[in-house]
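Visitor: Residue numbers (my numbering), protein chains in the order written: chain A, 3 to 231; chain B, 2 to 341.
1) Kindly say whether residue 155(B), judged by its beta-carbon, lies nearer than 8 Å to any beta-carbon of chain A.
2) Residue 208(B) lies in the alpha helix (DSSP H); which residues open and close that run?
3) By DSSP, does residue 198(A) sit in helix, in strand, or in coil?
4) In whole angstroms, what is the alpha-carbon distance linking residue 58(A) and residue 103(B)?
5) In terms of residues, what are the limits of the alpha helix (DSSP H) holding residue 121(A)?
6) Looking only at C-alpha atoms, which of 65(A), 77(A), 135(A) and 157(A) sits nearest to residue 225(A)?
7) Output the distance between the C-alpha atoms of residue 120(A) and residue 152(A), rounded to the nearest integer angstrom.
8) Please list the terminal residues of the continuous alpha helix (DSSP H) segment that includes residue 66(A).
9) Check the Cβ of residue 205(A) against every Cβ in chain B and list those closer than 9 Å, keeping chain order.
10) When the Cβ atoms of the region 120 to 134 of chain B are set against those of the region 147 to 156 of chain B, are three or more pairs found closer than 8 Å?
11) Within 8 Å, do at least three Cβ pairs link the region 130 to 144 of chain A to the region 75 to 95 of chain A?
12) On a Cα-Cα basis, can you pick out the residue from 114(B), 106(B) and 134(B) that is closest to residue 252(B)?
13) Rounded to whole angstroms, how far is the Cβ of residue 255(B) from the Cβ of residue 206(B), which I believe are closer than 8 Å?
14) For residue 278(B) versus residue 220(B), is the C-beta spacing smaller than 8 Å?
15) What does residue 1(B) touch in chain A if you count any residue whose Cβ is under 7 Å from its own?
16) Quick check on this structure: which residue in 209(A), 172(A) and 56(A) has the alpha carbon closest to the alpha carbon of residue 241(A)?
17) Flag residue 159(B) as yes if its beta-carbon sits less than 8 Å from any beta-carbon of chain A, otherwise no.
18) Indicate whether at least one CB of chain A lies closer than 8 Å to the CB of residue 239(B).
19) Kindly list the residues whose CB is nearer than 6 Å to the CB of residue 200(A), restricted to its own chain and excluding five residues on each side of it in sequence; keep chain order.
20) Would you check if the distance between the CB atom of residue 97(A) and the CB atom of residue 123(A) is smaller than 8 Å?
21) DSSP state of residue 114(B), grouped into three classes?
22) Go to residue 283(B), then tell me how far its alpha helix (DSSP H) extends in each direction, as first and last residue.
23) Kindly indicate which three-state DSSP category residue 254(B) falls into: helix, strand or coil?
24) State the DSSP-derived secondary structure class of residue 203(A), mapped to helix, strand or coil.
25) Going by beta carbon distance, what residues of the same chain come within less than 6 Å of residue 223(B), once the five residues before and after it are set aside?
26) Are the C-beta of residue 165(B) and some C-beta of chain A separated by less than 8 Å?
27) Which of the three DSSP states is assigned to residue 227(B) in this structure?
Now the structure itself:
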């Protein structure tokens, strides 16, 4: 037994500076840090009722909507970004824009996909552009801001739909034009308030132009929407 | 059996390995988390070496157990697929594949390589837009062509937006595909395709121009197209379009042609290169204009007959008031110009 131990020690002698050999006990303390509220929260959110989870997320989304409606230079939208709001707005807009074509059996399907693709790929391209120009905002934060700022345009869509339901034709066009123009400039201004801060000061125009184009395209789609009667 | 399946890398020190890079997401998404050592594994060579050794040891163990159980004379080859060795090999192949894919993705999807081409000021962009309509007559010395991608990309997207506007107001119905897809495909296809073609011809004709410069040159040439289409999709006179086509299209073509001539030697190469570019540029504008209102003309011909007002576009939504007002304005302008 002692011989085996000795040969064992000889075999492992050159490794003794690399690892601790088995007969020296390791001393120390293992502490579970007490101040980890996030860990506690994680465990407790699993047990809470689903209603609470949904309400909490809805409240967060609603708070961000309020921030968009009154755009001040706050960082709440940027700090806790989420993509629920943009998804909701995008799907609502795409659903409302569907079924407004001249020839229903050809264009009914692709219009939902068209709007969806325009919004998401447009946002991705604007984000890439702002990152390439030296922006400090992250990818998903930018997607979040651009998505939430579609809200005025969605409101304009609802108003346009209501105006088209009744009312005379020539007058309704002027009203819709005014509403869409106002909401499109509101969207651009709101997203600029959040995005432009992350850019070097002399390049703000370079970042604002694609955003302007993006909301212009969406606004144009809303303006030229006419439900097939 | 050789234990070569444990080492899939060609370099003796183990090659790049992506598992140790922090935040192994794509470079696009995690750029703000990238530290300076990402992509370079020299600092962690020791760790990697250790892991490679462990993998080899595990593979050797697997082989050893297989060889042991095979000593009773059975042919173990096919049993190996379901056995320990088979699993090991499959795992190694999967890991190697994943490593290669991550390497390729991080190499090609890294948008940092495009960063220097977007380094512009708004003043520079504005100046270049205006200069794209002014041909420069200096052809004995290579003209300076800006190598920038921000302006061309924004112009392509603006062209897409204008095309969409034109398509919607002319009631274009696209059977297979979407309006957006057609517009994007047309514009980007022209920009990228014709730039590559011109670069290829320039290579054949021995012209001193790089791919970036052809992309930039053609991109800025689209500014003329944007202006012409924006005007003629709203005010629709055939003669107005032809005048604008010649003047604006011609100016931007001359600018591009002069830049190319200054970088090419010899009469025939110059002719080939500039002839091709000029033809493609002008024909593209012609195509963009006529492809999207011919449909409406056809419909109106059958409906109304030969007596048609000058403005023939029937927009889907814009009321008759707007087109009548535009008709009246342009007619009065024409009368005033004629009387002078």
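Cβ atoms here follow ideal geometry from the backbone N, Cα and C, with glycine treated the same way.
Guide: Concretely, from the data shown:
1) Proximity of residue 155(B) to chain A, defined by a Cβ-Cβ separation below 8 Å, is satisfied.
2) First-last for residue 208(B): undefined, no H or E at that position.
3) When secondary structure is reduced to three states using DSSP, residue 198(A) falls in the helix class.
4) One alpha carbon belongs to residue 58(A), the other to residue 103(B), and they sit about 37 Å apart.
5) DSSP places residue 121(A) inside the alpha helix (DSSP H), whose first and last residues are 106 to 134.
6) A check of alpha carbon separations from residue 225(A) across 65(A), 77(A), 135(A) and 157(A) identifies 157(A) as the nearest.
7) Cα to Cα, residue 120(A) sits roughly 12 Å from residue 152(A).
8) Per DSSP, residue 66(A) belongs to the alpha helix (DSSP H) from 52 to 71.
9) Residues of chain B passing the Cβ test: 121, 122 and 123.
10) With the cut-off at 8 Å, the region 120 to 134 of chain B and the region 147 to 156 of chain B touch.
11) Result yes; three or more Cβ-Cβ pairs closer than 8 Å.
12) When only C-alpha atoms are compared, the closest one is 134(B).
13) Actually they do not touch by this definition, with Cβ atoms about 19 Å apart.
14) With respect to the 8 Å criterion, residue 278(B) and residue 220(B) are not classified as neighbours on the basis of their beta carbons.
15) For chain B, the structure presents residues 2 to 341; residue 1(B) sits outside this window and is missing.
16) Within the shown structure, residues of chain A are numbered from 3 to 231, placing residue 241(A) beyond reach of any answer.
17) Yes, residue 159(B) lies at the interface with chain A (some Cβ there is under 8 Å from its Cβ).
18) At a cut-off of 8 Å, the C-beta of residue 239(B) has no neighbouring C-beta in chain A.
19) 137, 138 and 139, listed in sequence order.
20) No, they are not a contact pair.
21) DSSP places residue 114(B) in helix when its eight states are reduced to three.
22) For residue 283(B), the enclosing alpha helix (DSSP H) begins and ends at 268 to 292.
23) Residue 254(B) carries a helical assignment under DSSP once its states are collapsed to helix, strand and coil.
24) Three-state result, residue 203(A): helix.
25) These residues qualify, in order along the chain: 156 and 160.
26) At least one chain A Cβ lies under 8 Å of residue 165(B).
27) In this structure, residue 227(B) counts as helix in the three-state DSSP scheme.
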